[in-house]
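To start, the structure itself, in structure tokens.
Protein chains in written order, with our numbering: chain A, 11 to 516; chain B, 11 to 516.
Listed below in structure tokens is the structure:
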């Protein structure tokens, strides 16, 4: 058995079931091994950012890492932006990077680069496999590091000669590390407390515990603005999210003396603006982080006899079918048609502002957002989520600008027959830059008409783009058209795309 | 004047004329400054890999750096693969990366990452601007570092508050550093010598000097396998290229006792294979590097009274118009219709093997290849070359797999009205992996039919893809169709794409 097979067999033994691959010449033995290991599904991606974003989506929904297969330093580089997003969401990912043979290092071959240095900023763990005999153990260590604590992106670099050398051995999976809830240090929780939830605390169990604490103490419970995975909708314990708007969020947190972080980080403004502080925590507020497992910690605080507030289904406005699409009306149509158990991927950016209000009381679903702000996550993440949960429909709300970072994910949607319905909110511009430009620069320059923020010359035709990669597609400009196309897409198996033309908001 | 304007004005003063931009929220002041500086043309790219690849193409043809404008660590990451290619070609590029405000660092904002660490592996020079007063000087230093010697990618990181702070000053351009030809140390040049040319030695002046040396001494003159820029065609001093096939290249170099490197690196196999040495230089061969300016060094060696061998136009085979397309017949059609003064961008990979033979005696042109093997360079590089040389037609030979890394470059072709004709050699597979798989793994596994090397399920429709981004496109399956479409594309201004269906070669 060579090192490559030892790695793939060990990953499979540790529960890894999918490999998102964009291999190259130095990964030929790893590719061969991948195709030989039963139960490890190879999924070809046409760009590394698709592979890493899909691994993020898979890990968020499966709770287990997928493995990537990337080609040397430059392939890794193409995948780094979505690895950054996975790190921010603390998604377990085993990031497997092939490298040139150790005997080939230092010769100045075209692809030679410092793979470990490139991996470090977007990994919680990085190791280079040094020989075939221990390559299986290295793969097991990568899975353990990905699962944590703390968990995240574990990068394993495999030189080609480690992969092709004999004497590889399959290693046994490590026992999972369990986290205790830890102890609290700060004062009592009361009406002046904010419980800020993130990470695993945003699934139903954590939400229920937090809801019980809120009922018993009067504390305000909030979800972080950009959750990796949030369970929400009718029947799920209710939670409001921070909005991501620093002015509004600062106002919301004002007056609280005590901030308890349960799986979340202290809230900060995403972007710096001249003269504006970055922290959103009120001055003088005591910040306490729940150590260990935040869900267990919340359950220790909660009285199990109390019933948390549960979200009830709420009616949405009924509008005529010829209502033009807008951020608000798209959100309403999506919310109204969301199937029970759907997975909602949100990379709609500025066009997604109306989603939280519209979807909070829709049918029960999981919401995945872009925790790391590296755009180009949505389409790949939808692919990974669909592979993790083949029985659940995925709806991917995608912005036009963001869609153009990793458009080839659509080909993977088609190739794997994934039940993903992508709605491109096409406002023909980088609306977030127009909005921030006005906020930061005032009415000076560059104006909202800056050519650098304009995607309308030429217009992007997302219908043709999707069809070029085998995804059936159509256009919608009214709520009636969007509803019709959405229902049809949800009724048919396989991927679809709807180019939803919306006005720019700024 | 704020730091952003100081940077842009200083770059302009140093001769930088184009900015390939994909800005984000932390680059708003830089974007505003960019749009305010006359003579600095902003070119919007929808993905950072397009911006960096375009800067590479621009720098190769202009001999002056373009500047990029990228968004924090993740935007830089998306551009790293093509920066790697630029480094390998020693192309001057000023790589401008915005970062969060210094006051925002350490807060854990979503986009925070270690920008300098990410830049280092693909840069010859990296600096973070520390205040507005010296930001202009930092920009000038970046231009000087990009131009070298040694030259390459100079990364300047600009925190948002350095860009928006007042007291910026425009700095004056640095005096160019000239290189002396240096002195030789090894024995006489004779019939047992190989003169291996790379970098600037591959333009007409260097080729002429090398041709004179060859005539006088009997030395073998060769060009490196993957030149950044090679002048060739009828009327240009003749030079043969190494093929990039390690077996053939080793055979070609065998028996030579003396290798003189003029702007080139010692030849190595691009990929390691089990049991095969990486170096291609014959055992015992003395390797000598011409220090300093390789063109001046060659001219010192050459007798100006000798006339170098000049390439004469050579007839190409005439084939019936219904001849199916293949790597060979595509190369013949391209060579036959290449306009005088064209720029030929080659990222055809395995489908490009017939190009050197077919184009060597075509009309005079510049050939740009992928020196760094990070695929996804062709379409962006064509954009940059077209902007550097607006009066010269650009023909971009692109492989189907490679095209899918940076497809949005087509939108920039359309937006800027660039005279680029892209021919996608569409063999519906990663043919290079099929070929290497057979060479490395034998007939074992994965077979040439590995699903990981297959791009045919579903087929990629490059006509629809191009049209989705505003580029007129058509398909060709015969030499007659390709010739007709190519002539039409060359006769019309603006970009075109031809989806040339070719059989897979492996």
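Beta carbons are placed, not taken as given, at the ideal position from N, Cα and C, and that holds for glycine.
Quick one: residues in its chain with C-beta nearer than 7 Å to the C-beta of residue i, no 5 flanking neighbours on either side, listed in chain order?
i, result
"residue 37(A)", "79, 81, 108"
"residue 339(B)", "329, 333, 489"
Interface residues of chain A around residue i at Cβ under 8 Å?
i, result
"residue 139(B)", "Neighbours of residue 139(B) on chain A: none; closest Cβ ~15 Å, over 8 Å."
"residue 421(B)", "414, 468, 470"
"residue 142(B)", "Correct list: empty, because the minimum Cβ distance to chain A is about 12 Å."
"residue 446(B)", "35, 38"
"residue 417(B)", "417, 418"
"residue 425(B)", "467, 468"
Within the same chain, show all residues whose beta-carbon is closer than 6 Å to that of residue i, passing over the 5 residues directly before and after it, in chain order.
i, result
"residue 236(B)", "379, 381"
"residue 442(B)", "359, 360"
"residue 56(B)", "418, 421"
"residue 482(A)", "506"
"residue 516(A)", "Interpretation of residue 516(A) is limited by its pLDDT of 49, a score under 50 that renders its predicted location unreliable; the figure taken from the coordinates is listed afterwards. Result list for residue 516(A): 441, 444, 445, 458, in chain order."
"residue 173(A)", "13, 14, 39, 40"
"residue 392(B)", "355, 404, 406, 430"
"residue 439(B)", "463, 464, 465, 514"
"residue 71(A)", "395, 398, 399"
"residue 16(B)", "145, 146, 178, 179, 180"
Cβ closer than 8 Å: which chain B residues qualify as neighbours of residue i?
i, result
"residue 361(A)", "What residue 361(A) touches in chain B: nothing, since even the nearest Cβ is about 16 Å away."
"residue 382(A)", "84, 120, 121"
"residue 313(A)", "Ordered by position in chain B, no residue passes the 8 Å Cβ test against residue 313(A), which lies about 32 Å from the chain."
If you follow the alpha helix (DSSP H) that residue i is in, where does it begin and where does it stop?
i, result
"residue 92(B)", "82–98"
"residue 61(B)", "58–72"
"residue 442(A)", "441–451"
Report the rounded CA-to-CA distance for residue i versus residue j, giving the unit in angstroms.
i, j, result
"residue 98(A)", "residue 120(B)", "7 Å"
"residue 247(B)", "residue 365(B)", "18 Å"
"residue 214(B)", "residue 388(A)", "48 Å"
"residue 290(A)", "residue 450(A)", "18 Å"
"residue 145(A)", "residue 20(A)", "9 Å"
"residue 399(A)", "residue 40(B)", "43 Å"
"residue 473(A)", "residue 415(A)", "17 Å"
"residue 196(A)", "residue 298(A)", "7 Å"
"residue 28(A)", "residue 177(A)", "25 Å"
"residue 371(B)", "residue 152(B)", "39 Å"
"residue 77(B)", "residue 148(B)", "13 Å"
"residue 477(A)", "residue 471(B)", "8 Å"
"residue 199(A)", "residue 193(A)", "14 Å"
"residue 475(B)", "residue 413(B)", "11 Å"
"residue 368(A)", "residue 132(B)", "45 Å"
"residue 302(B)", "residue 209(B)", "12 Å"
"residue 85(A)", "residue 384(B)", "8 Å"
So with CB distances below 7 Å, who are the chain A contacts of residue i?
i, result
"residue 113(B)", "282, 288"
"residue 278(B)", "117, 118, 119"
"residue 450(B)", "38"
"residue 91(B)", "84, 87, 88"
Are the C-beta of residue i and some C-beta of chain D separated by less than 7 Å?
i, result
"residue 68(B)", "This model lacks chain D altogether; the protein chains it does include are A and B."
Under 9 Å Cβ-Cβ, which residues of chain B neighbour residue i?
i, result
"residue 239(A)", "Under the 9 Å cutoff, chain B gives no residues; its nearest Cβ is about 16 Å from residue 239(A)."
"residue 480(A)", "467, 468, 469, 470, 471"
"residue 442(A)", "34, 35"
Residues in the same chain with beta-carbon distance under 8 Å from residue i, minus the five sequence neighbours each way, listed in chain order, please.
i, result
"residue 266(A)", "202, 203, 204, 230, 292, 295"
"residue 160(B)", "100, 134"
Would you grab the beta carbon distance between residue i and residue j for me? Rounded to a whole angstrom, and I think it's under 8 Å.
i, j, result
"residue 425(B)", "residue 467(A)", "6 Å"
"residue 234(A)", "residue 274(A)", "4 Å"
"residue 102(A)", "residue 75(A)", "4 Å"
Cβ closer than 7 Å: which chain B residues qualify as neighbours of residue i?
i, result
"residue 135(A)", "What residue 135(A) touches in chain B: nothing, since even the nearest Cβ is about 16 Å away."
"residue 130(A)", "127"
"residue 337(A)", "Per Cβ cutoff of 7 Å: no residues; residue 337(A) is ~19 Å from chain B at best."
"residue 236(A)", "120"
Going along chain A, which residues have a C-beta under 9 Å from residue i?
i, result
"residue 379(B)", "Under the 9 Å cutoff, chain A gives no residues; its nearest Cβ is about 10 Å from residue 379(B)."
For the beta strand (DSSP E) holding residue i, just list the boundary residues, first then last.
i, result
"residue 203(B)", "203–207"
"residue 254(B)", "Run containing residue 254(B): none; DSSP gives neither H nor E here."
"residue 409(A)", "404–409"
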